[in-house]
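In the numbering used here, the protein residues as written are 10 to 249.
Built from N, CA and C at the ideal position, the CB exists for glycine as well.
None of these values were measured; they are calculated from a predicted model.
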(Lines of atoms letter the chains of each structure in order from A and count residues from 1; the text may use other names and numbers.)
(Lines give C-alpha, C1' and ligand atoms only; values in the text may rest on other atoms or scores of the structure.)
Protein backbone atom coordinates (compact mmCIF):
# COMPACT_ATOMS: atom_id res chain seq x y z
CA UNK A 1 0.00 0.00 0.00
CA UNK A 2 1.91 3.04 -1.13
CA UNK A 3 1.42 6.39 0.44
CA UNK A 4 1.27 9.85 -1.07
CA UNK A 5 2.20 13.16 0.51
CA UNK A 6 -0.80 15.03 1.88
CA UNK A 7 -2.69 17.21 -0.56
CA UNK A 8 -3.52 20.72 0.62
CA UNK A 9 -7.24 21.47 0.26
CA UNK A 10 -6.75 25.25 0.08
CA UNK A 11 -7.58 26.57 -3.35
CA UNK A 12 -9.33 23.38 -4.51
CA UNK A 13 -12.29 24.03 -6.80
CA UNK A 14 -15.62 24.27 -4.99
CA UNK A 15 -16.99 21.50 -7.17
CA UNK A 16 -14.35 19.06 -5.93
CA UNK A 17 -14.97 19.94 -2.27
CA UNK A 18 -18.69 19.50 -2.76
CA UNK A 19 -18.17 16.17 -4.47
CA UNK A 20 -15.87 14.91 -1.69
CA UNK A 21 -18.41 16.02 0.90
CA UNK A 22 -21.20 14.08 -0.76
CA UNK A 23 -19.04 11.00 -1.22
CA UNK A 24 -17.88 11.25 2.39
CA UNK A 25 -21.48 11.35 3.60
CA UNK A 26 -22.25 8.31 1.48
CA UNK A 27 -19.28 6.47 2.97
CA UNK A 28 -20.46 7.30 6.49
CA UNK A 29 -23.81 5.73 5.62
CA UNK A 30 -22.06 2.60 4.45
CA UNK A 31 -20.22 2.41 7.77
CA UNK A 32 -23.58 1.90 9.45
CA UNK A 33 -24.19 -1.17 7.31
CA UNK A 34 -21.31 -3.60 7.95
CA UNK A 35 -22.50 -6.07 5.35
CA UNK A 36 -21.86 -3.40 2.67
CA UNK A 37 -18.35 -2.57 3.88
CA UNK A 38 -16.70 -5.18 1.68
CA UNK A 39 -18.38 -3.70 -1.40
CA UNK A 40 -17.26 -0.18 -0.48
CA UNK A 41 -13.68 -1.34 0.06
CA UNK A 42 -13.79 -3.10 -3.30
CA UNK A 43 -15.02 0.08 -4.96
CA UNK A 44 -12.24 2.17 -3.40
CA UNK A 45 -9.62 -0.40 -4.34
CA UNK A 46 -10.76 -0.62 -7.95
CA UNK A 47 -11.17 3.15 -8.29
CA UNK A 48 -7.70 3.82 -6.90
CA UNK A 49 -6.15 1.82 -9.72
CA UNK A 50 -7.32 4.35 -12.31
CA UNK A 51 -7.27 7.49 -10.16
CA UNK A 52 -4.43 9.80 -11.13
CA UNK A 53 -5.77 12.61 -8.87
CA UNK A 54 -5.44 10.87 -5.50
CA UNK A 55 -9.05 11.73 -4.57
CA UNK A 56 -9.86 8.12 -3.66
CA UNK A 57 -7.17 8.28 -0.99
CA UNK A 58 -9.15 11.05 0.73
CA UNK A 59 -12.43 9.15 0.97
CA UNK A 60 -13.36 7.62 4.34
CA UNK A 61 -13.23 3.88 4.66
CA UNK A 62 -14.76 2.09 7.67
CA UNK A 63 -12.17 -0.67 7.32
CA UNK A 64 -9.42 1.82 8.11
CA UNK A 65 -7.17 1.24 5.10
CA UNK A 66 -6.65 3.74 2.28
CA UNK A 67 -5.81 2.77 -1.28
CA UNK A 68 -2.91 4.33 -3.18
CA UNK A 69 -0.99 3.60 -6.35
CA UNK A 70 1.80 5.63 -7.94
CA UNK A 71 0.80 4.50 -11.44
CA UNK A 72 -2.49 4.54 -13.32
CA UNK A 73 -2.83 0.80 -13.75
CA UNK A 74 -1.25 -2.29 -12.16
CA UNK A 75 -1.33 -5.74 -13.80
CA UNK A 76 -2.98 -8.52 -11.82
CA UNK A 77 -0.98 -11.58 -10.83
CA UNK A 78 -2.02 -14.93 -9.39
CA UNK A 79 -0.66 -18.45 -8.91
CA UNK A 80 -0.57 -18.96 -12.69
CA UNK A 81 1.81 -16.11 -13.52
CA UNK A 82 3.30 -14.64 -10.35
CA UNK A 83 7.08 -14.81 -9.85
CA UNK A 84 9.42 -13.46 -7.18
CA UNK A 85 13.05 -13.17 -8.23
CA UNK A 86 15.87 -13.15 -5.68
CA UNK A 87 19.13 -11.91 -7.19
CA UNK A 88 21.84 -9.26 -7.08
CA UNK A 89 24.92 -9.98 -4.98
CA UNK A 90 24.06 -13.61 -4.27
CA UNK A 91 25.62 -16.94 -5.21
CA UNK A 92 22.40 -18.73 -6.14
CA UNK A 93 19.79 -16.48 -7.81
CA UNK A 94 16.35 -18.02 -7.90
CA UNK A 95 12.82 -17.28 -9.03
CA UNK A 96 9.92 -18.46 -6.85
CA UNK A 97 6.35 -19.13 -7.91
CA UNK A 98 3.43 -18.36 -5.61
CA UNK A 99 2.84 -22.06 -4.75
CA UNK A 100 6.54 -22.42 -3.91
CA UNK A 101 6.39 -19.45 -1.54
CA UNK A 102 3.28 -20.85 0.13
CA UNK A 103 5.05 -24.19 0.63
CA UNK A 104 7.86 -22.55 2.61
CA UNK A 105 7.75 -22.11 6.42
CA UNK A 106 5.35 -19.27 7.23
CA UNK A 107 5.79 -16.68 9.99
CA UNK A 108 2.95 -14.70 11.53
CA UNK A 109 3.48 -11.10 12.67
CA UNK A 110 0.79 -8.92 14.26
CA UNK A 111 1.58 -5.22 14.10
CA UNK A 112 0.08 -1.77 13.71
CA UNK A 113 -0.24 -0.37 10.20
CA UNK A 114 0.62 3.34 10.43
CA UNK A 115 0.53 5.75 7.48
CA UNK A 116 2.34 9.09 7.32
CA UNK A 117 -1.02 10.61 6.30
CA UNK A 118 -2.27 10.01 9.84
CA UNK A 119 -4.49 6.92 9.56
CA UNK A 120 -3.69 3.61 11.20
CA UNK A 121 -5.09 0.09 11.60
CA UNK A 122 -3.99 -1.51 14.86
CA UNK A 123 -3.10 -5.13 15.49
CA UNK A 124 -3.15 -6.26 11.87
CA UNK A 125 -1.96 -9.85 11.30
CA UNK A 126 0.36 -10.63 8.40
CA UNK A 127 1.76 -14.01 7.45
CA UNK A 128 4.45 -15.01 5.00
CA UNK A 129 8.07 -15.91 4.36
CA UNK A 130 10.92 -14.22 6.18
CA UNK A 131 13.29 -12.47 3.75
CA UNK A 132 16.09 -13.97 5.85
CA UNK A 133 15.10 -17.43 4.63
CA UNK A 134 15.16 -16.33 1.00
CA UNK A 135 18.50 -14.59 1.47
CA UNK A 136 20.05 -17.61 3.18
CA UNK A 137 18.89 -19.87 0.36
CA UNK A 138 20.44 -17.49 -2.18
CA UNK A 139 23.75 -17.09 -0.35
CA UNK A 140 24.53 -13.40 0.17
CA UNK A 141 28.01 -12.42 -0.96
CA UNK A 142 30.43 -10.68 1.41
CA UNK A 143 29.95 -7.30 -0.28
CA UNK A 144 26.18 -7.40 0.18
CA UNK A 145 24.95 -4.68 2.56
CA UNK A 146 21.32 -3.97 1.65
CA UNK A 147 18.26 -5.35 -0.09
CA UNK A 148 16.33 -3.50 -2.79
CA UNK A 149 12.70 -4.51 -3.26
CA UNK A 150 11.06 -4.14 -6.69
CA UNK A 151 7.38 -4.18 -7.60
CA UNK A 152 5.48 -5.33 -10.66
CA UNK A 153 3.66 -2.00 -10.97
CA UNK A 154 6.85 -0.98 -12.79
CA UNK A 155 7.54 2.08 -10.63
CA UNK A 156 7.69 1.43 -6.88
CA UNK A 157 10.86 0.36 -5.09
CA UNK A 158 12.01 0.19 -1.48
CA UNK A 159 15.24 -0.65 0.34
CA UNK A 160 16.34 -1.96 3.72
CA UNK A 161 19.75 -2.61 5.14
CA UNK A 162 20.65 -6.29 5.22
CA UNK A 163 20.28 -6.25 9.01
CA UNK A 164 16.80 -4.71 8.75
CA UNK A 165 15.71 -7.16 6.07
CA UNK A 166 16.72 -10.06 8.31
CA UNK A 167 14.56 -8.95 11.23
CA UNK A 168 11.95 -11.45 12.41
CA UNK A 169 9.21 -8.80 12.07
CA UNK A 170 9.82 -8.21 8.34
CA UNK A 171 7.93 -10.45 5.91
CA UNK A 172 7.43 -11.24 2.28
CA UNK A 173 3.73 -11.38 3.09
CA UNK A 174 1.19 -13.67 1.45
CA UNK A 175 -1.71 -13.21 3.91
CA UNK A 176 -3.16 -10.17 5.64
CA UNK A 177 -5.94 -10.29 8.23
CA UNK A 178 -5.83 -14.10 7.89
CA UNK A 179 -6.75 -14.05 4.20
CA UNK A 180 -4.69 -14.10 0.99
CA UNK A 181 -3.65 -10.56 0.13
CA UNK A 182 -5.93 -9.17 -2.56
CA UNK A 183 -4.72 -7.09 -5.48
CA UNK A 184 -5.88 -3.79 -3.99
CA UNK A 185 -3.80 -4.43 -0.88
CA UNK A 186 -0.72 -5.21 -2.98
CA UNK A 187 -1.27 -8.91 -3.55
CA UNK A 188 -0.66 -11.60 -4.15
CA UNK A 189 2.66 -10.81 -2.41
CA UNK A 190 3.78 -7.64 -0.66
CA UNK A 191 6.47 -6.56 1.76
CA UNK A 192 5.54 -5.95 5.40
CA UNK A 193 8.00 -4.04 7.60
CA UNK A 194 6.29 -3.97 11.00
CA UNK A 195 8.54 -1.44 12.81
CA UNK A 196 8.36 1.19 10.06
CA UNK A 197 5.76 3.45 8.45
CA UNK A 198 3.64 1.67 5.87
CA UNK A 199 5.29 3.30 2.83
CA UNK A 200 8.22 0.95 3.53
CA UNK A 201 5.89 -2.06 3.02
CA UNK A 202 5.97 -2.13 -0.76
CA UNK A 203 2.94 -3.53 -2.58
CA UNK A 204 2.94 -5.90 -5.59
CA UNK A 205 6.36 -7.30 -4.74
CA UNK A 206 8.26 -8.87 -7.64
CA UNK A 207 11.87 -9.11 -6.54
CA UNK A 208 14.61 -8.86 -3.92
CA UNK A 209 18.03 -7.71 -5.07
CA UNK A 210 21.03 -7.67 -2.75
CA UNK A 211 23.09 -4.48 -3.22
CA UNK A 212 26.31 -3.08 -1.79
CA UNK A 213 24.51 -0.05 -0.32
CA UNK A 214 21.00 1.18 0.43
CA UNK A 215 19.33 2.53 -2.72
CA UNK A 216 16.66 5.16 -1.90
CA UNK A 217 13.16 3.98 -2.81
CA UNK A 218 10.32 5.71 -4.65
CA UNK A 219 9.22 7.95 -1.78
CA UNK A 220 12.73 8.47 -0.40
CA UNK A 221 13.59 10.07 -3.73
CA UNK A 222 10.70 12.45 -3.03
CA UNK A 223 11.72 13.51 0.46
CA UNK A 224 10.66 10.66 2.77
CA UNK A 225 13.09 9.25 5.34
CA UNK A 226 15.16 6.26 4.19
CA UNK A 227 14.71 4.73 7.66
CA UNK A 228 10.98 5.13 8.27
CA UNK A 229 10.96 3.95 11.89
CA UNK A 230 7.80 4.27 13.93
CA UNK A 231 8.29 6.39 17.03
CA UNK A 232 7.90 3.47 19.42
CA UNK A 233 9.75 0.89 17.31
CA UNK A 234 12.54 -1.27 18.72
CA UNK A 235 15.32 -0.36 16.31
CA UNK A 236 17.74 -2.84 17.81
CA UNK A 237 15.60 -5.96 17.68
CA UNK A 238 17.55 -9.15 17.09
CA UNK A 239 17.79 -10.23 13.47
CA UNK A 240 15.97 -13.39 12.45
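- The criterion of a C-beta distance shorter than 8 Å is satisfied by residue 221 and residue 154.
- DSSP places residue 136 inside the beta strand (DSSP E), whose first and last residues are 129-138.
- If the five residues before and after residue 216 are omitted, its C-beta is found closer than 6 Å to the C-beta atoms of 94, 159, all from its own chain and listed in chain order.
- Listed in chain order, the alpha helix (DSSP H) runs fully inside the region 106-191 are 107-112, 140-147, 171-174, counting runs of at least 4 residues.
- The Cβ atoms of residue 137 and residue 180 sit closer than 8 Å to each other.
- Taking a cut-off of 8 Å for Cβ pairs, the region 120-127 and the region 140-151 do not touch, as fewer than three such pairs fall below it.
- The three-state secondary structure of residue 231, taken from DSSP, is helix.
- Three or more beta-carbon pairs drawn from the region 160-167 and the region 81-88 are found closer than 8 Å, and the two stretches are therefore classed as touching.
- Annotation: the continuous beta strand (DSSP E) that includes residue 94 extends over 92-97.
- Counting of Cβ neighbours within 10 angstroms places residue 186 among the exposed residues, the total staying below 16.
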